[in-house]
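Enquirer: Submitted below is the structure of interest, expressed as structure tokens.
Residue numbers (the working numbering), protein chains in the order written: chain A, 19 to 359; chain B, 1268 to 1544.
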């Protein structure tokens, strides 16, 4: 276990380094902005004095190095500055919109694992059969359309023609769920409102599926490819010759080693989903970061852009840390490696 | 060549891929001849004929100002393909050079180049392109810049991994022994061995660039109206669901067809270039 712990610390350190790099990059992008953000925020009717005052307040007249120093200084106190769009601290804005987006992405991630891995296992087990070909076609189709197209298709099919699911929003307005975690699925259960939980689940089903579709396909395809490879290994043959039951061979001998590359891809897909959530949210009017993110980008709201990208990247790095940890726990070569090595 | 034909013909999905891409390329190249209403790619307004469901002569219906959807989709294909080609022409050389240098030179070059690559890769692709687009004015050229900025790291990663393995091969050692320069070894010895992987990835990526570019314009951060673009057509039409379903479904399917085609083609290419020879 010590090896796993040390690996985790090392990865954490690298992640922080990368996050620092992200902050430099996104800061650099935000500062090469053409046009005056202060002027855009105040509108064409503001006087020169008002614009100059806001420029001073935003420290836009200082050198870029000193601007970055101020930014890091604010960041160390957990602040990301003021949004020009909402006139509120960026941290507050993000805290308000992020849970809805994270809830959507996490549910989509669970969907991806729970559908993608079993589908891949089945395809590998019945190689060349009907399931295998259907999985192959599905996985190719899944990655071939942006998630907003899947969102439109799913909405038309399962909300309009077959009115099984609601069209938009997170939950019916009739329910009042006290905000504890910001995740409605968790909050409703904490409050003991089963009906609200069911309603939130119905609302999240279609957006999460639209978001997960391409990931399901990729996870299934990769799992299949790796399992097919491990099925050909001598230790599987040995297990067969010992007369182990087929489900045990599938689970402990073929599935577990193929899980490692699949997990890596799932980590990468998580990143893609954090971005694609913007697309799905726009179709289903999901009250997440999407509308805020696009609005602040169109208004050249520097602080809010930098803050949003930084938070999303941090979420992605945390997800990858978790994936790394899972891989370390599964892989006996890491789990049992000597501390000396 | 015989082997190539055999691989393509032996699988229905490969035939489908070749067919779809031929269709997309053909319609983009000869858009002026195929589109029934070429002038509808601009700011034509025909209110007497607006928001018509699919029928004749508008086989995919008309949009909210009466323009023929089919014609606009064909012109959007042309634009998407140009965008994809330009992005890959810019991103691939940058990524390949970074990957080769990091993989072969090692040491500080590797640390600096690959950590920079990691930074780019740890911002979700769409979010990075979005924030770049936010800073720049939403035009076609800037859209290409934004997508290029998020695309090169993938090639750096790919070529870096191949270079690490190839560096230990006999032919590289032989070149080193006879005193070949580092540039010669990187670009004349190692690079040709990366070509199959790069070519396969470029084919697959042509589809994915179209996908990302349409996502950007879907969010209003890409090509601006009246230029026809598949992503902004879906965004515009989504407000009129479910009644005017053709406004979103046809542009959406158009994206699907193009990306699906390039995926199938890339898959086939991988089999041709990868296994066997």
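Glycine residues also receive a C-beta, built at the ideal position from the N, C-alpha and C atoms.
Thinking C-alpha only, which one of A/321, A/173, A/261 and A/209 is nearest residue 220 of chain A?
Expert: It is A/173.
Enquirer: Which class does residue 357 of chain A belong to by DSSP, given the choice of helix, strand or coil?
Expert: Since pLDDT at residue 357 of chain A reaches only 46, below the 50 mark, its modelled position is unreliable, and the value read off the structure follows with that caveat. In this structure, residue 357 of chain A counts as coil in the three-state DSSP scheme.
Enquirer: Under a Cβ-count criterion, where at least 16 other Cβ atoms within 10 Å of its own Cβ denotes burial, should residue 347 of chain A be classed as buried or exposed?
Expert: Under this definition residue 347 of chain A is an exposed residue.
Enquirer: DSSP three-state label for residue 191 of chain A, please.
Expert: In the structure shown, residue 191 of chain A sits in coil (DSSP, three-state: anything other than H, G, I, E or B).
Enquirer: On the criterion of 16 or more Cβ atoms from any shown chain inside 10 Å, does residue 91 of chain A qualify as buried, or is it exposed?
Expert: It counts as exposed.
Enquirer: Using a Cβ-Cβ cut-off of 8 Å, state whether residue 112 of chain A counts as contacting chain C.
Expert: Note that chain C does not occur in the displayed structure, where the protein chains are A and B.
Enquirer: Mapping DSSP to helix, strand and coil, what is residue 1329 of chain B?
Expert: Here residue 1329 of chain B sits in strand by DSSP.
Enquirer: So, is residue 315 of chain A buried or exposed, given that buried needs 16 or more other C-beta atoms within 10 angstroms?
Expert: Result: buried.
Enquirer: Can you tell me which of B/1448, B/1435, B/1422 and B/1482 puts its alpha carbon nearest to the alpha carbon of residue 1471 of chain B?
Expert: Selected option, being the one with the closest Cα: B/1422.
Enquirer: Opposite residue 100 of chain A in the DSSP bridges: which residues?
Expert: In the DSSP output, where bridge partners are listed per residue, residue 100 of chain A has A/107.
Enquirer: Using C-beta distances below 6 Å, list every residue in its chain close to residue 1274 of chain B, excluding the 5 sequence neighbours before and after it, in chain order.
Expert: Around residue 1274 of chain B: 1538 and 1539.
Enquirer: Rounding to the nearest angstrom, what Cα-Cα distance links residue 1482 of chain B and residue 180 of chain A in this structure?
Expert: Distance between the alpha carbons of residue 1482 of chain B and residue 180 of chain A: 27 Å.
Enquirer: What residue does the alpha helix (DSSP H) around residue 1437 of chain B start on, and which one ends it?
Expert: Here the alpha helix (DSSP H) through residue 1437 of chain B covers 1437-1444.
Enquirer: Just how far apart, CA to CA, sit residue 245 of chain A and residue 289 of chain A?
Expert: Spanning the two alpha carbons is a distance of roughly 25 Å.
Enquirer: With DSSP as the reference, please indicate the residues paired to residue 1472 of chain B in a beta bridge.
Expert: Partner(s): none; residue 1472 of chain B has no beta bridge.
Enquirer: So what's residue 1385 of chain B in DSSP terms, helix, strand or just coil?
Expert: Helix, per DSSP.
Enquirer: How about residue 1291 of chain B: is its C-beta nearer than 8 Å to some C-beta of chain A?
Expert: Cβ-Cβ to chain A under 8 Å: no for residue 1291 of chain B.
Enquirer: Using CA atoms only, rank isn't needed, just tell me which of A/309, A/77, A/138 and A/216 is closest to residue 1485 of chain B.
Expert: The option with the nearest alpha carbon to residue 1485 of chain B is A/309.
Enquirer: Is DSSP giving residue 1534 of chain B helix, strand or coil here?
Expert: In the structure shown, residue 1534 of chain B sits in a helix (DSSP, three-state: H, G or I).
Enquirer: According to DSSP, is residue 205 of chain A part of a helix, a strand, or is it coil?
Expert: Reduced to three states, the DSSP call for residue 205 of chain A is helix.
Enquirer: I'd like to know whether the C-beta atoms of residue 1526 of chain B and residue 162 of chain A end up nearer to each other than 8 Å.
Expert: Going by C-beta atoms, residue 1526 of chain B is nearer than 8 Å to residue 162 of chain A.
Enquirer: Do residue 1393 of chain B and residue 166 of chain A come within 8 Å of each other at the CB atom, strictly closer than that value?
Expert: Taking 8 Å as the Cβ cut-off, residue 166 of chain A and residue 1393 of chain B do not qualify as a contacting pair.
Enquirer: Have a look at the DSSP bridge pairing and note the partners of residue 1335 of chain B.
Expert: Looking at the DSSP assignment, residue 1335 of chain B forms a beta bridge with B/1329.
Enquirer: Using 8 Å as the threshold, is the C-beta distance between residue 1442 of chain B and residue 1456 of chain B below it?
Expert: Yes. Within cutoff.
Enquirer: Hey, how far is the Cα of residue 238 of chain A from the Cα of residue 1338 of chain B?
Expert: Going by the C-alpha atoms only, they are around 37 Å apart.
Enquirer: So, residue 1325 of chain B versus residue 1313 of chain B, is the Cβ gap smaller than 8 Å?
Expert: No, Cβ-Cβ distance for residue 1325 of chain B and residue 1313 of chain B is not below 8 Å.
Enquirer: May I ask you to list, following chain order, the residues of the stretch 1366-1392 of chain B that have a beta carbon less than 9 Å from some beta carbon of chain A?
Expert: The stretch 1366-1392 of chain B vs chain A, Cβ under 9 Å: 1382, 1383, 1385, 1386, 1387, 1388, 1389, 1390, 1391 and 1392.
Enquirer: Along the chain, where does the alpha helix (DSSP H) containing residue 55 of chain A start, and where does it finish?
Expert: From DSSP, the alpha helix (DSSP H) with residue 55 of chain A extends over 55-60.
Enquirer: Within 10 angstroms of its Cβ, does residue 84 of chain A collect 16 or more other Cβ (buried), or is it exposed?
Expert: So residue 84 of chain A counts as exposed.
Enquirer: What separation, rounded to the nearest whole angstrom, lies between the Cα atoms of residue 1465 of chain B and residue 1356 of chain B?
Expert: If I take the Cα positions, the gap works out to 12 Å.
Enquirer: What residues in its chain sit with their C-beta under 6 Å from that of residue 105 of chain A, if we drop five residues either side in the sequence?
Expert: Counting only Cβ-Cβ distances below 6 Å, and skipping sequence neighbours, we find nothing.
Enquirer: How should residue 175 of chain A be labelled, buried or exposed, when 16 other C-beta atoms within 10 angstroms of its C-beta is the threshold for buried?
Expert: So residue 175 of chain A ends up on the exposed side.
Enquirer: Does the beta-carbon distance from residue 212 of chain A to residue 202 of chain A come in below 8 Å?
Expert: Result no, Cβ atoms of residue 212 of chain A and residue 202 of chain A do not sit closer than 8 Å.
Enquirer: Using the C-alpha atoms, what's the distance from residue 1505 of chain B back to residue 103 of chain A?
Expert: Their Cα atoms are separated by approximately 26 Å.
Enquirer: Between residue 1499 of chain B and chain A, is any beta-carbon pair separated by less than 8 Å?
Expert: It does not: the Cβ of residue 1499 of chain B has no partner Cβ on chain A nearer than 8 Å.
Enquirer: Taking contact to mean 3 or more Cβ pairs, one atom from each stretch, closer than 8 Å, check whether the stretch 246-257 of chain A and the stretch 1346-1365 of chain B are in contact.
Expert: Cβ pair count under 8 Å is below three, so no.
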